[in-house]
Every structure is written in C-alpha cells, then in structure tokens.
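Engineer:
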Amino acid sequence: MSEHPSSNGVDMDAELAQLLLEQEQFLNQKKQPAAKVSRRGGPPKVSASKTPQKASESTPDESPQVLKGVVERQVTPVGQQSFVFTPKPSGFPSVKRRGPGQSLFGRRRREAKAKEQEQEKHVDQESKDIDAANKAKLQEMSPQEILEAQQELLRTLDPELVKKLKNRNKKERKREENMVKTRNKVAIGESIMKHDEGNEQIQKEERIKSLAAVKTEEELKEQAKLLPAEERAKLDWTQTTKKDEKVANGKKIDLPVAEDATLERFDLDGKLLEATDAELPVHSGLFHHGDDPDAAGYTLPELLHLARSSVASQRAMALNVVAKILHNRQLQERAGLRVTPRVLPRDMAMTLRIVLDDQNYTALSAGVSALHAFIVPVEDDSDEDFLSELKYATVVLPRRVHLHRNGATKTTDHSHGVEEVVYIDTTEADDGTSISDEDLAALDPVQALLSMDLGTRLRYILESIQLPDQYATEKMLDILIAVARHSPRAAHEISSNVRLLKLLQQQYVENEQVLTFQEGNIRSLQLSLKALELVRALCQGQRSVASALIASGLVQSTKGFLALKEVPSGDVDEAAAVLFGKMQVESLRIWRILLGYGLDFHCFAYLFPALASFMQHSTDASTTRNVALFAALESFCGLGSVHEAQHYFNQLGFFLDAAKDEAVRCIRSLLVATDDRTVALLSTTLRFLAAASAHATKYNLETAGLVEVLKLLQSTETTRELLPRLNDTVTKRDLLVAIVQFHRQIVSNGLLSDDMDDDDIVQTFSRQVKTPLLIAATSAVASSSTRFSLTLIQACELTLVLGDLIATGQSDVVNFNADFVQSVYHQALILVERLGGGGEFLTARLFAGVLFHQSTLQSLGVFSEKADATRMSRVLTPIYQALVNATSEQEAHSSHIFTGVSSVNKFSYHLRLPQEEQSYIPSNLPLPSFWMVSPLSRIEYNSTENGKPSTDVGPTRAQSDEMKLIVSATCRFVFEFERLAPSMASIPSIAELRPEDKLFHLMHVLFAGSDVLFDDHVDAALRQLLPKLIKPILRSADSKLLYAGILRNLKRFQSLESGQDLESSKSSVSFSSDEQQVLTFVEKLVAEFTASSFGNSHFAQCMTLLLTGDFPLELRKFVWKELQEAHLLHTLAPFEVSSVELFKRCTRAVSTDAKLLQFMQQAVCKKQVSPTRGAFAYSVAIYCIVIYLFGEGGSTMSFARQQFAQTLTTEASPVIWGHLLTYNANDLALLSEKCNSVLTQRVDKLRTQAGLSSDQLLAFEATVSLLESTK
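Just so it is clear: in the sequence shown, position 60 is 60 by UniProt numbering, and no numbers are missing.
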C-alpha cells in the first residue's frame, strides 16, 4: 500500500487523502449540513470576561479537524422550543390551601358528626325515660318481689351469657386498675416505653434488616412475622386460604392429623432406656451432641439425622439402631404391649428410601436392614408348611398397611388395627396442587416407596452390588414380597419392572448351581426359595400379573423343580434336601394360584409323570409335598366350567386311587395319635376327593374308593375317637370341615350304593358330627378377633355348616333342640359384630344361613308357625343384608374368593379390593352394636342426601309399601327377640343396646309418613313393641334417661357420618351444644307430627314423652308451643301400661317459667284441651298451674302470680276453677269432669293476696258460690 505525506506530517493512504479532499471542498462551499445536533437545556453559564477568550480559542481552523479532539457544544436548534421546568424543593407541586369550610370531605364529616350527636341526644333521653320508669316500678315492689323478678330474669337468660356479662365487668375493672398502676409507675420526663420494649424493638428492626441470613422457608416465614402490619398485608396473597385448601382437597381423602414424633430414647441395641442419666457412665457411648447433649441415648429423629451424616460409620450405626428399634416395635405391637416410640417421624419412609442410594456398602447394608424392619411385618411363629395349604390359605388377608402410624391415633390398641388400602391420587388437581411426599408417606408408606421407584433401586443393588451383610439379598427379596402383597396395583408395579423379573429368572430360578446340585449351594437354594415366594406373591396380586409371568417364561421355569429328582440324603446334603423339598412345595403353591384363575392347566399333561412319582415316597418331605399337590389338584377339579380343561379330567383316576390310599392310611394313623402333618394331609386329600367326586360320573372315574372312605369316616370308631379331638387348632378344625364337606359331596353327587339310604346316612352323620362342630365353632370364635385371620374365616365356615345342619335336621327335634340352636345363634351374633371390611360376603351368608333362616327362627320360637317363619325369613334376610354396604365389584370378588371354585373371572386373591381415592366408599363393617334395630332408623336417613331431602315430593307407592314391610317385619322380630335377650347378655349388641336406644331408632319410623303409620301391620307391630320399650324407661330412677338416650345415639350417628364424609355430616347435623343437638332432632319430629301425622296415636304417644322432665325446659316449652299452635295438644296420650309413671315424669320438674305457664293457661282457657278432650295435657297444665299459684303455702303471692291469677279470673271457666280449687297435687291421676270439694285455703289466698279488682273479685266469688252449690 502506498503512503503519501500530508500537510500536517501525518502518513495517510490514498483513500483517506481523497476523503479529506472532499471534506475540504464541502467546507469551502459554506452549505448547511444534512443533520444537526441539538442539546436539551440551556448553554453553559460563563462569565462575560471569559467569553471572548473562549470564543477565540474555540474558533475552528480552515484546515480539516477530524484527527483532533472532538468538542461538543450545547446547541439550541432554530425553530424548536425548549421546555424548562422550575425545580421545586420538595419534588412535588405546591398545594393550594382552601379556606375553612371549602373541603368537601371535611364538610361531610362535620355533617355526619352533627347527625350522630342529635341521635345520641335522642337515645339518651329515651334511656332516661326507661330508667325512670324502671326505678318507679322497683320502688313499688317489695325486696322479696325484686329478688323473685331477678331470679326469673336469670332463668330466662342463657347461663353462659350471664357469666360472660359478669366477667366483662371484672375485666373492665381489672383493665382500669392496670392503667392506674401503669400511670403511677411512669415518672416525669421519662419515656413511657420500657427499656426492655425499646431494646426489643431495636432488635426486631435489626432482624428485619438481616434478610441475607435467611436460608429456609421457615426462617422466611418468621422474618415475615416481624414486618409491620401493612407489609404483612401485602404478602397475604402468597398464603393458601382455607377455601382454596378445601377446593384442592375436595376429592381427596382426609389427611392424617399431624403429630410430632415422640422422643423416647434408646440404647445402641434399640431398647428403651429406663435408667436415669446419672446411672449411665459417660463412656457408654450414649451421650452425644444431639438436641439434648445431657440426656443419654438416641431419639429416632436424632438417628434419622445421623443417617444423613457425611461420615459413613455414623450412617451405618444410626441405621442399625433404627432397624433394631423398628423390629422391637413390631414385636411389642404383636404382643399387644405399649409400642415405643409411640409416633414415628413422618419422613421415615422417605429417609429410608434415600439411604438406599448410599455409595458406602456398609451404610447401604444397614439401610436395607432398616427398611426391612419398617416394611416387612413380623410373621407368626406357626408352621407355614401346613397353614399355606388350608382351604382359604391362598387368600391375601388385609395387612396392617400403616405398620407405623405417623398420625394421631384415637386408640392405644394396636393389636387389631387393620387399615384399608386406598389408591391415593398423586396427580395434580385442577388448581395445580398435588399431595406431598410427606403426606403420601403418612397415608401409605408402601405407595410412597413405589412412587420413589423402589423396585428399580433394589434391582440395581441385587444385580450390581455385593453387600457385606450375607442376609441383605434375602431382606431385599422380603421387601419386594411385602410390597407385592400390599395391593394388586403394587404387585403390578413390581411385575412391570422387566429387568427385575429377568434378574429373578436368571439369577435365582434358573441358577445353574441350584439345578445341578453343586456343593455348597445352600445359600443359592435359600435365595431361590425366596424368589419363588416372590413369584407366588405377584401371582396372588392380580390375574393379569399371573398371565404376564406365564408369558415371560418365569412361571414355566418354576416347573423345572418338580421334574428334578431329590438329592441324596446324608449329613452333608440333608439341609439342601430340605430346602429343595420346600422349593417343590412352593412351585405347587404357585400352580394352585394359577389354577384358581383358570390359567396354566395345560401343564397337567406334561407334569403328570412327575406328579405321579410323588405318590411313591412316604417321607416327611414327601408328605408336605403331597399336601401341596392335593391342594393344587383340588383347584384343578374346580375347572369344570372351562371346556379345554375337561380334556384332562380322565387322567384323575390315578390320583383318586392314590388319594383313597392316603386317606385310609391317615384315618387309621390318627385313630392312634394325632399328628399335625397327618391332619393336614388328610384334610387336603378329602378336599380333593370331594372336588373330584363332582366329575366321577361324567368321566367314568372309579367311585368305590370314595364310598370306602365315606364308610370309614362314618364308622363308630372315627366319630367317637377322632372327631371330638378336632377342635383346638386351625389345621384340626380344617380337617373337621373337610370331613363334613366330603360327606355332603358324596351324598349330593349320588355316589352311594343302592343298598344305602341317603336320608338315613345324612341324619345319622348329622347327629354324630353336630357336637364336635359346635365345640370347634365355639373354640374358633373364642380364638378370633376383629382382625381378619384364617381363624375368623374358619369360625364363620363352621357356624354356617351348623346352620345347614339345623336346616336339614329340623324334623329331628330331639337332637336339634332349642338349646343347641340358641348356642349356634349365639356364635353367629358374635361373628356378625366381629367381621370387618372384606367380610361383607360372610356377613350376608350368616344372615341368610343362620340368623334369619326359617328353621332357626322357628326352632328358637321367634316365629312358631312354619308358614310365618318362612315368610318373615324371606323379608328379614334382604332387610338386614342391605345394612352391609359394598360395591358391586367387591361383592362379585368376594363370591369368587369364598365359593372355593376356580374362576376365569377372578381378579385377585386379595380379600378386599382397594378403591380409588376419588370414588372411595368406606366399609361400614363391623356392624355397630345397634345393627338389629338400625333398619328402622335407616328409613329416615336413607331418604336424605347430604342432609337435605332428595326430592320435594313424598315417597312413591312402591317405596311406601317397602317401608311398611320393613317396619312391620323389623318391629315384630325385635319384639319377639326380646325374650331371648336375657340369655345372650354376653353379646355386645344385646348388652349395650338399652330400651332407650331401641326407642330412639323406633322413633325414626314416625318419619315414614301417614301411609306407613296407618298400615294395619305396622299399627299392630308398633302397638306391641312401643309399650314394651317404654315400660322399663318410665320406671327407671334416672330422671334424664330419655334425654341421655337420644343424645347418645345422635352422637353415635354423628361419629359414623364423620367417618364417611366429614363435610356432609357437618352440613346435615350442625350442633353447637348437646342441648341444641337434641333440640334439632325434636324440631324435625315435631314438624313431622304437625304436618303429616293426622294425629296418629303412636306418634302422639311418642310426642307425649317429650314433655317429661327428662328434657330441658326450653325443649318442653318449644314442644308445647308448637302443638298448641297446631291445635294438636288434645292428641297427647299416655301408654296404657304406664300412664301413672308417665304423668309423674311429666310433673316431676314443675317449672315456674312465665312463658310456659302462659301457654298452658291459654290452652286451658281457650278449651284446646279439656277433661273430655285431651285429658292428659289438661291434667298436666292444671297441675303446673296449681303448683305455681298455691305451691308456696302461706307465703305472699308475688306480683307475677297476682297478674296470673287476675288473668284466670277473667278467662277461666267454672270447670277450670273447679279443678284449680279442688285438685290434690299429691294425687297423680288424670282429671275428669267431676271435681272434689273446694279447698278454702286456696280461696282465701286468692281473695286476700291476688290483688283482684272489684269486678274480678265479684266474678271470682260468683264462681266459688257456683262450685259450692253443685256439691
């Protein structure tokens, strides 16, 4: 590039030189530039002396100035106006002051103030006039009259209001005293604010400024509380309102009540520390830098805090102690002892899941142990080899889901606590809210762990990590088993992990070390056995899961153990042989589960040789295996409705012969000595033979062996020696049921020979087995509890079998007498009140088969006529079955579970199917103690929805007919059952249900409407039952029995409703006090009586009970007033069996309430009641008036009594005066038109003390003369 020197000595290139040349030419032309620069604001202020100098200095040269410094000047362009605002000192425009009276708001305030002053003057004048009138009235009254008036006024006021007014005066005086003391303490010149308060204010301001130190949400909330009120108001929008919470949780179930974890202290062995700190040495390792360094031991929150320590050894130590604490807690809970700690931290499940991510293997192993102790329940010590083959052993019973309750509990009894599984909705609601992990863990720890991907993490540990704890793998498999047994959905979640199932199949089921019997394979066999248990638990969870496991080949892999030969016995291989035998048993159990679904029956063909070889051994291991085999074959025989399975029934002949031989051998062995292993084998063998007998005729199976076993069971030696011993254990009772069921199946399938009489065989066997069955049922009922167990199911099955015996042996009055039937009935009543959620099917069967069966009702004498018993049985059975609420899905599922037949429609082996949170309907089992009379009260409560009537119109004709049937049948049954109640006082429903409780439920019949009440059958039933219930109540010495009974039952209903839907129960029954609660019920009753009863006699008698002294004064006043306004007082009448007792109870607490006496006086004087029309109400009114006027003897009549007497002289008829002046208050009898002699002391008292005017006195004397002349 060429360079050219410029005139200024600067080197420039040609392009720059050209640019400068063009610029110089432009400047020489003196043209205006295309753009101008304008500056806002005036030019800089400079002095005049310096201006010329500056101007000369800044005059531009003619030469180009581009390379020199640029000088900017303030230029105001021509034609543009510059706006300059004059600055104000305050930054705001000056305020224009208005003169006095010119402010609009000020004028309005002054007008409002003037108006208030005028009103105050008017009120003050009115108050002065009232005060003067009151003082004049008080001066005319005597001190005694003033005292009486004060007492009457206090009685009319609410006691709480009076107490509040008195306390208000005390508070005002106390506040004035404190103000005087405060003023006296302040010295002149000192600040009124105390030094401590001033320092506190300064500290508060400093804390507000230190916002940089805020690190947590809680600290931020605390800092927000220190802000001024106006600043806190600005943050209100960040808070969640209660309304928003309700909307967000509208479809959710109630969250558990949060309760802080209890702080019991434990030693390093997980045991509760009971020694004092002084008794423990400092070097014991129990003193640490926790929340309380001076206290020995560790609390569970401290241990969970240490579980997140940065030091691996601390984490491992803490988790090991947590595992021991949780294990001991489960042992305490199972033993029914007080559990420690009582409440666990709510973050327990989340913390234990987090520790599974630990990279240190020692801490990870300890975390697995802690989670195992938290999730896996401690099993019973009973032998699983026998219990798993019982009839209903495949059913997954409700587990205690919340093993460690994180919320507040209302009961301390944890031994029978079973909480229902509910599928919790974790998705976001419409408002964007969702349940928190902590709340989910509190509701259900297992669902919380599944949401944190527990299965994937355990699979990774099993696959990739070798933990130092040799039992860690078994513990993780136990955790997976416990989770799979939690619910069908949990089993599905586990089975959805394909890599986990593949790991189980390859590493534990198809393990080469196990299949080839290599030495030292004990550990592998143990893990394989656990894996098979996990497969069984998954199959029990859901039918679709079982199908998926079959499709994946995992189930087929388990069949390989059945085809393998047993390992040789010996010292070295004995333990391996036992484990291998258990694995074969577990494979058969899995097959039994699949056959129950109607799956995997085709394998019967290729398994036949292996299964047939099992019959050739007679060792203890083979006996246990044969028990499982016959249980599986029983399920196989239940596939009669599956067409494809019927092809294999022809091959059952071999197993029938083998089962017959086993049965004969076992029966003869048990006659000598009872062995649990032999009992279990005989039980499953007989169940298989009973199931196979249904196919014997169709598939030409040999039946001679079946008849041989039947004869042996019915032999005298068996019935006398064996049957009486089958009652004290679960396996023995299962055998007893199997014997009875086998006998029934052989007879019902027509397999008896021609020389045998079916009826004679049945009756003989029934007489022989009835006593052992009753003893076994009583033993099972005594051994069971409200917690679902095989024993409870067995007790129900035995009771149902006894009910069938009573039905078939009804003609045999000698053997099935009333005492025997009553004993069976007693056991059924106990079971009905013990069965909880999941027992809906069994409860319905007990109703139909025992409690309301026609044979039972007739044998007990409840309904003596056969036709009557049959008709009432058909009515009562559906009435009481309707008390049990269950979804249609649960009803169908329960029938599949308890019918004992394999079904392709069976969804799961879980006893109770969990429900979704949005559509959750809680079970109402166990039934309440008043279930026997609850059909009467359900009439009224079922007709409402959320506390409001479902429709504005009355019941339809069909509904009315249904209510008539329910009321008449239930009343008849309750009335007849009263005769049996004394002999069944040990049953809660009989002992706790008092006459006033039954009356409360019976009063709900009055809401059914006039069509029901005037029905002939209902009328007859109420005429029988009502007097029977009323008589003991009125003769009781408890003066508040009726009131207490109604209140107690209302509270029961309220608690039941709150357990279902708290918000709906509040809307339907909202009470501020006990009295208001009863008053609300009475208001509904009175409204029904006055609106649609048409004076029904039974309804009127119940209304009469509301006037007794059992109820508060306000309630009695309300009832009298409403009936008086409806002109129905004359309908009140006593019960014939207890009229004197009722009148005595109504007059027991005579009130001097002026309003009630005024109502009574009006009813009497206006002839709404009279001796001939409404004698009971008339007698009560006369009694109360007499006591009010003349009850004080010779004392002076008060002013109120004088006015009352004066009103009577004006309005009362001579007949009324005749009763007032002659009635003897000690003679509690109803009045008639006839009067006794006039009592002169009453006449004299009215003459001298009533303050009658001359006209009133003249009228009174005329009435007295008329009464005396008629005598």
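Note that beta-carbon positions come from the ideal geometry of N, C-alpha and C, so glycine has one too.
Here the structure is a predicted model, which is why all the values come from computation and not from measurement.
Tell me, please, whether the stretch 870-887 touches the stretch 384-400 by the rule of three or more beta-carbon pairs shorter than 8 Å.
Structural biologist: They do not touch, by the three-pair rule.
Engineer: Return helix, strand or coil for W1120, following the three-state DSSP convention.
Structural biologist: In the structure shown, W1120 sits in a helix (DSSP, three-state: H, G or I).
Engineer: Assign Q915 to one of three DSSP states: helix, strand, or coil.
Structural biologist: Reduced to three states, the DSSP call for Q915 is strand.
Engineer: Buried or exposed: A1091, going by 16 or more other Cβ atoms within 10 Å of its Cβ?
Structural biologist: Exposed, by the Cβ-count rule.
Engineer: Could you have a look at F907 and say whether DSSP puts it in helix, strand or coil?
Structural biologist: Coil.
Engineer: First and last residue of the alpha helix (DSSP H) that includes G581?
Structural biologist: E574 to G596 is the extent of the alpha helix (DSSP H) around G581.
Engineer: Alpha carbons only, please: which of D1016, E917, A1154 and S1073 is nearest the one belonging to T1207?
Structural biologist: Measuring from the Cα of T1207, the nearest candidate turns out to be A1154.
Engineer: Does the distance from the CB of R543 to the CB of F907 come in under 8 Å?
Structural biologist: Yes, Cβ-Cβ distance for R543 and F907 is below 8 Å.
Engineer: Please state the DSSP three-state secondary structure of F266.
Structural biologist: Note: F266 maps to strand in three-state DSSP.
Engineer: Can you give, in chain order, each stretch of the alpha helix (DSSP H) that sits fully within the stretch 648-715 and has at least 4 residues?
Structural biologist: Runs of the alpha helix (DSSP H) inside the stretch 648-715: 653-672, 676-692 and 704-713.
Engineer: Quick check: S929 and P995, are their CB atoms within less than 8 Å of each other?
Structural biologist: Cβ distance not < 8 Å, so S929 and P995 don't count as in contact.
Engineer: In this structure, does DSSP put residue 1278 in helix, strand or coil?
Structural biologist: In the structure as shown, the chain starts at 1 and stops at 1271, and residue 1278 therefore has no counterpart that could be examined.
Engineer: What is the rounded straight-line gap between the Cα of T624 and the Cα of L736?
Structural biologist: Going from the Cα of T624 to the Cα of L736 covers about 19 Å.
Engineer: What ranges does the alpha helix (DSSP H) occupy inside the stretch 451-482, keeping only unbroken runs of at least 4 residues that lie completely in it?
Structural biologist: Whole alpha helix (DSSP H) segments, 4+ residues: 454-464.
Engineer: CA-CA distance, G900 and A370?
Structural biologist: If I take the Cα positions, the gap works out to 39 Å.
Engineer: Measuring CB atoms only, is the stretch 845-863 touching the stretch 913-920, in the sense that at least three cross pairs come out at less than 8 Å?
Structural biologist: Flag = no, the stretch 845-863 and the stretch 913-920 do not touch.
Engineer: With distances taken Cα to Cα, identify the nearest neighbour of V514 among Y909, V1186, E126 and S557.
Structural biologist: The shortest C-alpha separation from V514 is found at S557.
Engineer: Measure the Cβ-Cβ separation of V1215 and C1184 and say whether it is below 8 Å.
Structural biologist: In this structure, C1184 does not lie closer than 8 Å to V1215 by Cβ.
Engineer: Taking DSSP as the reference, what is the three-state secondary structure of V1186?
Structural biologist: Residue state, collapsed to three classes: helix.
Engineer: From the DSSP secondary-structure annotation, give me the bridge partner or partners of residue 1313.
Structural biologist: The first residue shown for the chain is 1 and the last is 1271, placing residue 1313 beyond what the model contains.
Engineer: Which residues mark the beginning and the end of the alpha helix (DSSP H) in which D819 is found?
Structural biologist: Where D819 is concerned, the enclosing alpha helix (DSSP H) stretches over A818 to V832.
Engineer: Can you round the beta-carbon distance between F580 and F630 to whole angstroms, since I take them to be within the 8 Å contact cut?
Structural biologist: So it is not a contact: roughly 20 Å between Cβ atoms.
Engineer: Can you name, in chain order, every residue of its own chain whose Cβ lies under 6 Å from the Cβ of N184, other than the five neighbours on each side?
Structural biologist: With a pLDDT of 45 at N184, under the threshold of 50, the predicted position of this residue should be treated as unreliable, though the coordinate-derived value follows. For N184, where only same-chain residues beyond five positions count, there are no Cβ hits under 6 Å.
Engineer: Skipping 5 residues on each side, what residues in its chain have a beta carbon closer than 6 Å to that of V627?
Structural biologist: These residues qualify, in order along the chain: E389, A680, L681 and T684.
Engineer: Just confirm the distance between the C-beta atoms of S436 and T427, as a whole number of angstroms; I'd bet it's less than 8 Å.
Structural biologist: No, S436 and T427 are not in contact; Cβ-Cβ is about 13 Å, not under 8 Å.
Engineer: What is the DSSP secondary structure of S873, reduced to helix, strand or coil?
Structural biologist: Of the three classes helix, strand and coil, the one that applies to S873 here is helix, per DSSP.
Engineer: Flag this pair as yes or no: are the beta carbons of T1209 and A1259 separated by less than 8 Å?
Structural biologist: Result yes, Cβ atoms of T1209 and A1259 sit closer than 8 Å.
Engineer: Using the three-state DSSP reduction, which class does V396 fall into: helix, strand or coil?
Structural biologist: In this structure, V396 counts as strand in the three-state DSSP scheme.
Engineer: Could you tell me if V322 is buried or exposed, where buried requires 16 or more neighbouring beta carbons within 10 angstroms of its beta carbon?
Structural biologist: With 16 or more other Cβ atoms within 10 Å, it is buried.
Engineer: Can you pull the DSSP bridge partners for Y880?
Structural biologist: In the DSSP output, where bridge partners are listed per residue, Y880 has none listed.
Engineer: Using 8 Å as the threshold, is the C-beta distance between A484 and A537 below it?
Structural biologist: A contact, by the Cβ cut-off of 8 Å.
Engineer: Just to confirm, is the Cβ distance from S693 to L706 under 8 Å?
Structural biologist: The answer is yes: Cβ separation under 8 Å.
Engineer: Check for me: the alpha helix (DSSP H) holding F788 runs from which residue to which?
Structural biologist: No alpha helix (DSSP H) contains F788, which DSSP labels as neither H nor E.
Engineer: Could you check which residue in G1191, T1248 and A1181 has the C-alpha nearest to that of L1231?
Structural biologist: Of the listed residues, the one whose Cα sits closest to L1231 is A1181.
Engineer: Looking at the unbroken alpha helix (DSSP H) that takes in W1217, where does it start and where does it end?
Structural biologist: Taken as a continuous stretch (DSSP letters only), the alpha helix (DSSP H) holding W1217 covers P1214 to T1222.
Engineer: Report the rounded CA-to-CA distance for H372 versus L364, giving the unit in angstroms.
Structural biologist: Each residue's Cα considered, the two are about 12 Å apart.
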